[in-house]
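A.B. asks: Sequential numbering of the sequence shown, starting at 1, is according to UniProt numbering.
Virtual Cβ for every residue (Gly too), placed ideally from N, Cα, C.
First, the structure itself, so that you have it in front of you.
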Amino acid sequence: RQDNRCKCFNIRPMWRSKGLGELYTYLPLTPSNRDRLLAVPPSSKENSDYGFSVGRNAFKFDPAVGKWISLAFRVKLNAVGCEDGELELWVDGKSVITVSGLMFRDSEQSRIKGGHFQTFFGGHQDDWASPKDQRAWFADVSGVVIE
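If you want it as structure tokens, here you go:
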């Protein structure tokens, strides 16, 4: 998890019990990234092995069955040698997490070349597992790279 963090990054929405949402990120471990990510309200936490929990409880997924939720991310890569990258998350059209001054990469060869989509109950212990079967539906998943 530590090797080559300047060659790739991972940003994903996450929710905890009662639908409390956050972003979970794996970014290069620079002092500036650490300071900026941990400053995101209402609460952010670092686990140097497993990334940053950013903006814990910044939004809430409505647990109502049948209600669609719209998520949108914006990632602006930093210019190489600069800490000017940006990250923003919208939930149902409302900006809920914004972070600027980030470093995603240290080489021009590090570019956004694709996306990865998955769902899982995270964690490495049984207490992360759901006590009952769960279902999730996804629609209109898209992405764009603007250079």
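(1) Just to confirm the assignment, what range does the beta strand (DSSP E) spanning Ser95 have?
(2) Give the C-beta separation of Gly21 and Pro13 to the nearest angstrom, bearing in mind that I take them to be a contact with Cβ-Cβ under 8 Å.
(3) Using the Cα positions of Phe9 and Ser70, report the straight-line distance between them to the nearest angstrom.
(4) Check the DSSP bridge columns for residue 169 and list the partner residues they point to.
(5) In the DSSP assignment, the alpha helix (DSSP H) including Arg34 goes from what residue to what residue?
(6) When the Cα atoms are used, what is the spatial distance from Ser110 to Leu38?
(7) I need the DSSP call for Trp128, collapsed to helix, strand or coil.
(8) In the DSSP output, what is Val52 paired with across the bridge?
(9) Out of Glu86, Asp126, Trp137, Ser44, point me to the one whose CA is closest to Gln118's CA.
(10) With C-beta atoms as the reference, is Ser107 less than 8 Å away from Val80?
(11) Could you tell me if Val145 is buried or exposed, where buried requires 16 or more neighbouring beta carbons within 10 angstroms of its beta carbon?
(12) In angstroms, rounded to a whole number, what distance separates the CA positions of Pro62 and Gly101?
(13) Comparing C-alpha positions only, which one of Ser43, Asn57, Pro42 sits nearest to Gly19?
C.D. replies: Let's see:
(1) Counting along the chain, the beta strand (DSSP E) containing Ser95 begins and ends at 94-102.
(2) Gly21 to Pro13, Cβ: 6 Å. Contact.
(3) Approximately 22 Å between the Cα atoms of the pair.
(4) Residue 169 is absent from the structure shown; the chain starts at 1 and stops at 147.
(5) Here the alpha helix (DSSP H) through Arg34 covers 31-38.
(6) Each residue's alpha carbon lies about 24 Å from the other.
(7) If DSSP states are grouped into helix, strand and coil, Trp128 belongs with the helices.
(8) In the sequence on display, residue 52 carries Phe and not Val. For Phe52, which the question treats as bridged, DSSP gives the partners Thr25, Glu46.
(9) The option with the nearest alpha carbon to Gln118 is Trp137.
(10) Going by C-beta atoms, Ser107 is nearer than 8 Å to Val80.
(11) Exposed is the call here.
(12) Residue identity differs from the one stated: residue 62 is Asp in this sequence, not Pro. Just so you know, the alpha carbons of Asp62 and Gly101 end up roughly 31 Å apart.
(13) Taking only the C-alpha atoms, the option nearest Gly19 is Asn57.
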